[in-house]
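A.B. asks:
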Amino acid sequence: MITLIPIEQNDFDAFLEREIFDYAQDKIKSGNWLPEQAMDKSRAEFQSLLPDGLSTKDQYVFTIFDNETGNKLGVMWFQSNLDTPHRRAFINDFVIKEEFRGKGFGKKAMKALHEKLWKLGVESVGLHVFAHNTNAIALYEKMGYELTNLYMSKTISNTTDHDSQT
Numbered sequence: 039m040i041t042l043i044p045i046e047q048n049d050f051d052a053f054l055e056r057e058i059f060d061y062a063q064d065k066i067k068s069g070n071w072l073p074e075q076a077m078d079k080s081r082a083e084f085q086s087l088l089p090d091g092l093s094t095k096d097q098y099v100f101t102i103f104d105n106e107t108g109n110k111l112g113v114m115w116f117q118s119n120l121d122t123p124h125r126r127a128f129i130n131d132f133v134i135k136e137e138f139r140g141k142g143f144g145k146k147a148m149k150a151l152h153e154k155l156w157k158l159g160v161e162s163v164g165l166h167v168f169a170h171n172t173n174a175i176a177l178y179e180k181m182g183y184e185l186t187n188l189y190m191s192k193t194i195s196n197t198t199d200h201d202s203q204t
């Protein structure tokens, strides 16, 4: 059985450093940030979301735990202001460790999250996923998530379809 347990401080510290780096790399890969600015911007975003670390109001960070093996499979982090009429949660980060991927743990972790959110009275949950993360997109679609927004971009250069004569 997969459960979500409150993350311990040492695991949180390691998670945060790894995710700051990974988020910066995703932003570079998606063309949002320049490499020389990415780490500073990533640190700033995480600091704005978690100004008080694990004590930050409305932020919930859990270790994804396999009760059968005792393995820590990854981390689930969501935010939700439960004092509003639209009790909505947003998944800030969801990571299954590399060695546990492709074994169904992601789906089980999402089910555990949905159960926890239901018990909290949350009515809906959203998330953001980078377009290049096709495995995550496939999982979310299997779990019933639907596309609500779509951002697209195009690089404009001398090889694109514009008329240089005008």
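Under my numbering, the first residue of the sequence shown carries the number 39, and numbering increases by one thereafter.
Positions of the beta carbon are idealized from the N, C-alpha and C atoms, including for glycine.
Bear in mind the structure is a predicted one, so any value in this text is a computation, not a measurement.
On the CB-based measure, 16 or more other CB atoms within 10 Å of its CB, does M39 come out buried or exposed?
C.D. replies: As a first step, residue 39 is located in the sequence shown; it is residue number 1 there, counting from the start. It counts as exposed.
A.B. asks: Based on the DSSP secondary-structure assignment, which residues constitute the bridge partners of K110?
C.D. replies: Taking the sequence shown and counting its residues from 1, the one referred to as residue 110 is at position 72. Bridge partners of K110: F103.
A.B. asks: Is the separation between the beta-carbon of Q117 and that of F132 shorter than 8 Å?
C.D. replies: In the sequence shown, residue 117 corresponds to position 79, counting from 1. In the sequence shown, residue 132 corresponds to position 94, counting from 1. Not a contact, by the Cβ cut-off of 8 Å.
A.B. asks: What separation, rounded to the nearest whole angstrom, lies between the Cα atoms of Y178 and E55?
C.D. replies: One-based indexing of the sequence shown puts residue 178 at position 140. One-based indexing of the sequence shown puts residue 55 at position 17. So the alpha carbons of these two residues sit roughly 25 Å apart.
A.B. asks: Quick check on DSSP: helix, strand or coil for R139?
C.D. replies: Numbered from 1 along the sequence shown, position 101 holds the residue referred to as residue 139. Correct three-state label for R139: coil.
A.B. asks: CB-CB under 6 Å to A62, same chain, minus the five flanking residues each way: which ones, in chain order?
C.D. replies: The residue given as residue 62 occupies position 24 in the sequence shown. Counting only Cβ-Cβ distances below 6 Å, and skipping sequence neighbours, we find A76, M77 and S80.
A.B. asks: Does the pairing of the stretch 108–116 with the stretch 169–176 give three or more beta-carbon distances under 8 Å?
C.D. replies: As far as the Cβ criterion goes, the stretch 108–116 does not touch the stretch 169–176, which means the pair count is below three.
A.B. asks: Out of N130, N187, L72 and E106, state which residue places its alpha-carbon closest to the alpha-carbon of E57.
C.D. replies: Sequence index remark: in the sequence shown, residue 57 carries index 19 (1-based). Minimum Cα distance to E57 is reached at N130.
A.B. asks: According to DSSP, what are the bridge partners of I58?
C.D. replies: Residue 58 sits at position 20 when you count from the first residue of the sequence shown. I58 pairs with nothing; no bridge assigned.
A.B. asks: With 16 other CB atoms within 10 Å as the buried threshold, where does I43 fall?
C.D. replies: As a first step, residue 43 must be located in the sequence shown, where it is residue number 5. Exposed.
A.B. asks: Measuring only the C-alpha atoms, how far is Q47 from F100?
C.D. replies: Along the sequence shown, read from residue 1 onward, the residue named residue 47 stands at position 9. Along the sequence shown, read from residue 1 onward, the residue named residue 100 stands at position 62. Each residue's alpha carbon lies about 11 Å from the other.
A.B. asks: From R126 to T41, what does the alpha carbon distance come to, in whole angstroms?
C.D. replies: As a position in the sequence shown, residue 126 is number 88, starting the count at 1. As a position in the sequence shown, residue 41 is number 3, starting the count at 1. Distance between the alpha carbons of R126 and T41: 21 Å.
A.B. asks: List the DSSP bridge partners of F53.
C.D. replies: To locate residue 53, count along the sequence shown from 1; it is residue 15. Paired residues: none, contrary to the question.
A.B. asks: Put P123 into one of helix, strand or coil per three-state DSSP.
C.D. replies: Position 85 of the sequence shown, counting from 1, holds the residue named residue 123. Coil.
A.B. asks: Taking DSSP as the reference, what is the three-state secondary structure of P44?
C.D. replies: Along the sequence shown, one-based indexing puts residue 44 at 6. The answer is strand: DSSP assigns P44 an E or B state.
A.B. asks: Quick one, which of N70, T94 and I102 has its alpha-carbon nearest M190's?
C.D. replies: Position 152 of the sequence shown holds residue 190. The residue with the shortest Cα to Cα distance from M190 is N70.
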